[in-house]
Amino acid sequence: MSSSSASPANYDEHPVETSSSSRSLANTVTVAHNFEITSYSLLDGFHPGDYICSRRFTAGGYDWCIRFYPNGHTEEDAFYTSAFLCLCRGEPWPGVRAKYTLSLLDRDRNATIRRSALRHIFASTGCYYGYSRFFSKKHIVDDCFTIRCVLTVITQHTEDRSFVVIPRSDLRDHLVDMLEGGEGTEVTWAANCSTLIDACWLHDH
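In terms of the UniProt record's numbering, the sequence shown has 47 at position 47, counting the first letter as 1, and numbering is strictly consecutive.
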């Protein structure tokens with residue numbers, strides 16, 4: 001009984017004239033923004049779906065803001081506040097990858113509620129993502145508090161590393177010709193950007 005196995009293809013089977021290369025580079029940028037809410041009781045007349053926004057802040061070349069809904073994002077969330085991170089400006093294609101946390105700080109900037117980190121790909125400006133039930137309104141014991149956002153933006157770009165394959169040197173052929181002719185010559189060698197000149201006499205042995 002005979003068996004056969006396929007051998008791996010040699011993709012350099014034919015002479016290569018030029019070649020190119022690239023690599024993907026990923027970087028992260030982390031920023032923090034504090035959105036202070038004062039006189040919360042004056043926002044009690046807001047309907048579910050009404051919101052206020054923080055000042056825009058920049059991370060990873062994009063503008064962001066915090067959206068806060070004092071009486072919830074929808075009717076179902078009316079007993080809660082809602083908080084979201086919103087992408088305000090920038091070219092998002094093919095999507096902005098972000099990791100972030102939203103925390104509630106009291107008047108003394110102590111964290112009273114810290115929600116688990118979120119990961120999201122923002123596909124377009126104006127889209128937002130966060131917590132529809134950020135915290136229950138019964139937890140509000142002060143008329144002033146702060147929403148803190150710690151945002152990490154993951155950016156990626158491709159770096160071109162093109163290069164040209166140097167043709168095979170014909171130095172060997174020239175040396176053979178000189179050996180056959182018994183010629184004396186002065187040979188110049190270039191190595192590591194330094195030039196060395198050696199006086200050589202080539203003999204045919």
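Glycine is no exception: its CB is placed at the ideal position from the N, C-alpha and C atoms.
{"Query": "For Ile113 and Ser142, the rounded distance between their alpha carbons", "Result": "For clarity, residue 142 is Asp in the given sequence; the question names Ser instead. Computed Cα separation, rounded: 14 Å."}
{"Query": "Beta-carbon proximity check, Gly45 vs Phe84, cutoff 8 Å", "Result": "no"}
{"Query": "Contact under 8 Å by Cβ, Val153 with Val29", "Result": "yes"}
{"Query": "Rounded separation between residue 207 and Lys99 - CA only", "Result": "The requested residue 207 does not occur in the structure, where the chain is confined to residues 1 to 205."}
{"Query": "Leu118 Cβ short of 7 Å to the ligand COA heavy atom set", "Result": "Looking at this structure, you won't find the ligand COA or any other ligand, since it has none at all."}
{"Query": "Beta-carbon proximity of Asp106 to Phe145, cut-off 8 Å", "Result": "yes"}
{"Query": "Sequence-distant residues of its chain with Cβ nearer than 6 Å to Glu36 (five each side left out)", "Result": "Thr146"}
{"Query": "Beta-carbon gap between Ser22 and Asp160 smaller than 8 Å", "Result": "yes"}
{"Query": "Backbone CA spacing between Arg89 and Val16 [nearest angstrom]", "Result": "45 Å"}
{"Query": "Sheet register partners of His120 (DSSP bridge)", "Result": "Ala98"}
{"Query": "Simplified DSSP assignment, three categories, for His14", "Result": "coil"}
{"Query": "Close Cβ partners of Gly72 (< 6 Å) along its chain, the five nearest in sequence each way excluded", "Result": "Pro48, Ala78, Tyr80 and Ser82"}
{"Query": "Per DSSP, cross-strand counterpart(s) of Thr155", "Result": "Asn27"}
{"Query": "Span of the beta strand (DSSP E), counted from its first residue to its last, around Ser136", "Result": "Tyr128 to Ser136"}
{"Query": "Under 8 Å between C-beta atoms of Val31 and Phe57", "Result": "yes"}
{"Query": "Residues bridged to Glu36 [DSSP beta-bridge criterion]", "Result": "Thr146"}
{"Query": "Segment limits, beta strand (DSSP E) that includes Arg114", "Result": "Ala111 to Arg114"}
{"Query": "Element boundaries [beta strand (DSSP E), containing Phe68]", "Result": "Tyr62 to Tyr69"}
{"Query": "Whether Phe134 touches Leu87 by CB criterion (8 Å)", "Result": "no"}
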